[in-house]
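2 protein chains.
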Amino acid sequence: VIPDPSITIATLTPEGTALAVTWGDGHASRFHAVWLRDNCPCPACGHPETGQRLVETGGLPADLRLADARVADDGAVEVVWAADGHRSRFAPDWLRRHCYCDADRTRRRPRLRSWRADGRRDLPEARYPDVVADPAALGAWLAAVEVYGFALLRGVPTVPGQVTRVAELFGHVRETNYGRLFDVRSVLNPNNLAYTGLALSGHTDNPYRDPAPTLQLLHCLASSAEGGDSTLTDAFELAERLRAEAPAAFDLLARVPVRFRFADKEAELEAEHPVITLDARGAVVAIRLNNRAKQPLDAAPAQVEPWYAAYRAFVALADSPAQQIRFTLAPGDLVCMGNLRMLHGRTAFAGTGERHLQGCYADMDGLRSRRAVLARG
Amino acid sequence: VIPDPSITIATLTPEGTALAVTWGDGHASRFHAVWLRDNCPCPACGHPETGQRLVETGGLPADLRLADARVADDGAVEVVWAADGHRSRFAPDWLRRHCYCDADRTRRRPRLRSWRADGRRDLPEARYPDVVADPAALGAWLAAVEVYGFALLRGVPTVPGQVTRVAELFGHVRETNYGRLFDVRSVLNPNNLAYTGLALSGHTDNPYRDPAPTLQLLHCLASSAEGGDSTLTDAFELAERLRAEAPAAFDLLARVPVRFRFADKEAELEAEHPVITLDARGAVVAIRLNNRAKQPLDAAPAQVEPWYAAYRAFVALADSPAQQIRFTLAPGDLVCMGNLRMLHGRTAFAGTGERHLQGCYADMDGLRSRRAVLARG
Numbered sequence: 007v008i009p010d011p012s013i014t015i016a017t018l019t020p021e022g023t024a025l026a027v028t029w030g031d032g033h034a035s036r037f038h039a040v041w042l043r044d045n046c047p048c049p050a051c052g053h054p055e056t057g058q059r060l061v062e063t064g065g066l067p068a069d070l071r072l073a074d075a076r077v078a079d080d081g082a083v084e085v086v087w088a089a090d091g092h093r094s095r096f097a098p099d100w101l102r103r104h105c106y107c108d109a110d111r112t113r114r115r116p117r118l119r120s121w122r123a124d125g126r127r128d129l130p131e132a133r134y135p136d137v138v139a140d141p142a143a144l145g146a147w148l149a150a151v152e153v154y155g156f157a158l159l160r161g162v163p164t165v166p167g168q169v170t171r172v173a174e175l176f177g178h179v180r181e182t183n184y185g186r187l188f189d190v191r192s193v194l195n196p197n198n199l200a201y202t203g204l205a206l207s208g209h210t211d212n213p214y215r216d217p218a219p220t221l222q223l224l225h226c227l228a229s230s231a232e233g234g235d236s237t238l239t240d241a242f243e244l245a246e247r248l249r250a251e252a253p254a255a256f257d258l259l260a261r262v263p264v265r266f267r268f269a270d271k272e273a274e275l276e277a278e279h280p281v282i283t284l285d286a287r288g289a290v291v292a293i294r295l296n297n298r299a300k301q302p303l304d305a306a307p308a309q310v311e312p313w314y315a316a317y318r319a320f321v322a323l324a325d326s327p328a329q330q331i332r333f334t335l336a337p338g339d340l341v342c343m344g345n346l347r348m349l350h351g352r353t354a355f356a357g358t359g360e361r362h363l364q365g366c367y368a369d370m371d372g373l374r375s376r377r378a379v380l381a382r383g
Numbered sequence: 007v008i009p010d011p012s013i014t015i016a017t018l019t020p021e022g023t024a025l026a027v028t029w030g031d032g033h034a035s036r037f038h039a040v041w042l043r044d045n046c047p048c049p050a051c052g053h054p055e056t057g058q059r060l061v062e063t064g065g066l067p068a069d070l071r072l073a074d075a076r077v078a079d080d081g082a083v084e085v086v087w088a089a090d091g092h093r094s095r096f097a098p099d100w101l102r103r104h105c106y107c108d109a110d111r112t113r114r115r116p117r118l119r120s121w122r123a124d125g126r127r128d129l130p131e132a133r134y135p136d137v138v139a140d141p142a143a144l145g146a147w148l149a150a151v152e153v154y155g156f157a158l159l160r161g162v163p164t165v166p167g168q169v170t171r172v173a174e175l176f177g178h179v180r181e182t183n184y185g186r187l188f189d190v191r192s193v194l195n196p197n198n199l200a201y202t203g204l205a206l207s208g209h210t211d212n213p214y215r216d217p218a219p220t221l222q223l224l225h226c227l228a229s230s231a232e233g234g235d236s237t238l239t240d241a242f243e244l245a246e247r248l249r250a251e252a253p254a255a256f257d258l259l260a261r262v263p264v265r266f267r268f269a270d271k272e273a274e275l276e277a278e279h280p281v282i283t284l285d286a287r288g289a290v291v292a293i294r295l296n297n298r299a300k301q302p303l304d305a306a307p308a309q310v311e312p313w314y315a316a317y318r319a320f321v322a323l324a325d326s327p328a329q330q331i332r333f334t335l336a337p338g339d340l341v342c343m344g345n346l347r348m349l350h351g352r353t354a355f356a357g358t359g360e361r362h363l364q365g366c367y368a369d370m371d372g373l374r375s376r377r378a379v380l381a382r383g
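For the protein sequence lines, the chains are A and B, in the order given. If you read the first sequence in this note's numbering, its first letter stands for residue 7, the second for the next number, and so on. If you read the second sequence in this note's numbering, its first letter stands for residue 7, the second for the next number, and so on.
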């Protein structure tokens, strides 16, 4: 067996407060002493059964120094600590996998893709009997939801309540004031515009909830009404277009909080978030766009008119047919989408005939967890 | 009846793209035309049954101007729009309540308070039979959880599963891979350090979940073991102290993402967030501190040592006994806490005797909703 040069140590240089490593493939890593000690995998520092850290990071000496470092016969890196003589042993593949040089950190960032921008025409979809029977089919379907933000499932039994059983294939239903599931159809005295036959412009659900559900499932039980076509728009893609074309507008939508609200007899929900939420690195991680639930803007007077102009620009992108994926849900079809990424909408539908969807919420972390467990094989 | 001067209009001055108002108490408001038109309450712009907005904000004309504005006999402000002759009518108390001048916006910001910093000695608590029987008692208890970040409930029946019934008094159980509820006691082959007799330093739960649950309930069923005292620390207060005393450290903890992870046979959960999450206005809205679940730091090399120093400073604040609220949970006691605000910990407990808690997760939005509905009277 030829050893993999990328996890073979060529040189090892203890530098007191850091350890410099060059690898067989020429890559250079540098690990700080405090980082190494915090990640010591010995049974005293990490719990052997749970894999959880036992050493209290906050209690590590402030002046950690390496007394010695060497490559053992089995290839492991052995470190001796100056302060207390503690010894740590690191597997070389673990070290290489956790190298935090700029290039490796950039490479490791998750990459989401846009179905539309990828030029795909066929929708990402699977058949219900397949994902129930075949873990690989389920894993591939979940991957589409995570990477592209949505996927369809065909041939789902048209049984009321089935939508929550689909959610339980990979995660946990997020119960809300609408219940474990909700019926989307035209009713008398609606408490929500969703329960009318009106068109709904592209929106994310429940921005008035905190935390908002990160996944939504909609399952079609009946669709004999005229109209009621479904639309999906990848709002992360829209946001990146806005960032490129109108950075000041993007910045306002990411900085100015908007209050969202839902109230009926049983509930009174309010939450405040900008339309675009960025993570600490500046990546777009959530979109809250719901014109129905938007409350009067409570922003600095100088921001009001520019914010409205930015909002208009963003909605214009969202309303562009070129950005929308349009399809018809037939009985037995189910769409699962990232609720803080994909705008979903519908065209108006007529009072004659029936259109009945059932929906439920769930969360992306459960989906990712199931995907990871399935990938273990 | 003497009219309330604060909602009586003294002068009304249409300025084309804005409406200037002075009130009977001398306060001055200025409402932009686009803001007014977006909030027109007429039945064509807002749905009369759901209270949701019908007018598409993105479709409003870009050059909205007031043609005329006057105070009607009933005190309402009537506006006529230049572009299309549309008329809007605003109640004066609604306008005053939504004035977005700097002073009013600052005044409206929610104020959380620190139980410890307020110098309180008695714990915020209520009796279970009271909150079940009396909506006002329930509302007051929920208010304590929201404002102070935690409250105790005494006299909760020591029946397994009771903890989820308490959650359902105000919200919805957040089901996770641990189930609808989980048992906290020492077990063989634990998948989590919580299920050992080890001490747990102050932490927030489930930082590896996205979204993390915002409320946690812990209900004591048995506590004959030696030790196992509970601690609570208001991490929002800690963060503000850090911001005041070491702004560079605060900034690093708010900017550098940390990966958290939990894995066992059934689940593999990972999420990445900074220790301190700020909202768009810079307010602290979430703390993720969980040394057990913290993964190797994946930060720019120049940030690694400063980040560790900042983390150490934050943990030193958290570990200070002066910052901790310490108490013993007896059978029938339940603590409900904001999971992204309060650090909870426990001292070690002995193998003899029994210590058995049941816990569940829920979310703050349901709690706030119930509080708001109860406040309607």
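Glycine included, each C-beta is placed from N, C-alpha and C at the ideal position.
- Annotated as proximal: A:A319 and A:L248, with beta-carbon spacing under 8 Å.
- Rounded to the nearest angstrom, the Cβ distance from A:R361 to A:S236 is 11 Å, too far for a contact under 8 Å.
- Non-local beta-carbon contacts of A:R76 in its own chain, meaning distances under 6 Å to residues more than five positions away in sequence, involve E84 in chain order.
- Residues of chain B with a Cβ closer than 7 Å to the Cβ of A:E62 are, in chain order, S207 and N297.
- The C-beta distance from B:L238 to B:M343 rounds to 7 Å, short enough to meet the 8 Å contact threshold.
- In the structure shown, B:V172 falls within a helical segment according to DSSP collapsed to helix, strand and coil.
- Taken atom to atom, the span from the alpha-carbon of A:R376 to that of A:D74 is near 42 Å.
- B:R267 is a Cβ neighbour of B:A299, given a cutoff of 8 Å.
- Following the DSSP letters along the chain, one finds A:A378 inside the alpha helix (DSSP H) bounded by residues M370 to A381.
- Separation of A:A24 and A:N212 (C-alpha to C-alpha, rounded to the nearest whole angstrom) is 48 Å.
- At a cut-off of 8 Å between C-beta atoms, A:Y184 does not count as an interface residue with respect to chain B.
- Distance between A:Y106 and B:P307, taken at the CA atoms: about 7 Å.
- Contact between the region 365-376 of chain B and the region 213-220 of chain B is present, with at least three C-beta pairs closer than 8 Å.
- By the 16-neighbour rule on beta-carbons within 10 angstroms, B:G208 is buried.
- Among the residues of chain B, those whose CB is under 7 Å from the CB of A:N45 are P302, following chain order.
- Listed along the chain, the chain B residues whose CB falls inside 8 Å of the CB of A:N198 are T56 and Q58.
- Residue contact with chain B for A:T220: present (Cβ-Cβ distance below 8 Å to some residue of chain B).
- Proximity to A:P196 across B:L373, B:D44, B:V7 and B:E55 peaks at B:E55, based on C-alpha coordinates.
- B:P135 and B:F156 have their alpha carbons spaced roughly 19 Å apart.
- A:W41 reaches chain B at P302, L303, V310 and Y314, counting residues in chain order whose Cβ is nearer than 8 Å.
- Taking 8 Å as the cut-off, the Cβ atoms of B:L259 and B:V291 do not count as close.
- Contact of B:D99 with chain A by beta-carbon distance below 9 Å is absent, the smallest such distance being about 14 Å.
- Counting only residues of its own chain and dropping the five nearest sequence neighbours on each side, A:T353 has a CB closer than 7 Å to the CB of A205, G233, G234 and D235.
- Closer than 8 Å at the C-beta level to chain B, one finds these residues of the region 103-135 of chain A: H104, Y106, C107, D108, R111 and R114.
- For the 8 Å CB-CB criterion, B:G365 and B:V169 form a contact.
- Not flagged as an interface residue toward chain A: B:N345, since no C-beta distance is shorter than 8 Å.
- Taking C-beta atoms as the reference points, A:R102 and A:W29 count as a pair closer than 8 Å.
- A:E274 is a Cβ neighbour of B:V379, given a cutoff of 8 Å.
- Take the alpha-carbon of B:D304 and the one of A:E62: they are about 19 Å apart.
- Taking one beta carbon from each stretch, the region 40-57 of chain B and the region 7-19 of chain B have fewer than 3 pairs nearer than 8 Å; the two do not touch.
- In summary, no residue of the region 83-98 of chain A has a CB separated from any CB of chain B by less than 8 Å.
- By the C-beta density criterion, A:I8 is exposed, having fewer than 16 other C-beta atoms within 10 angstroms.
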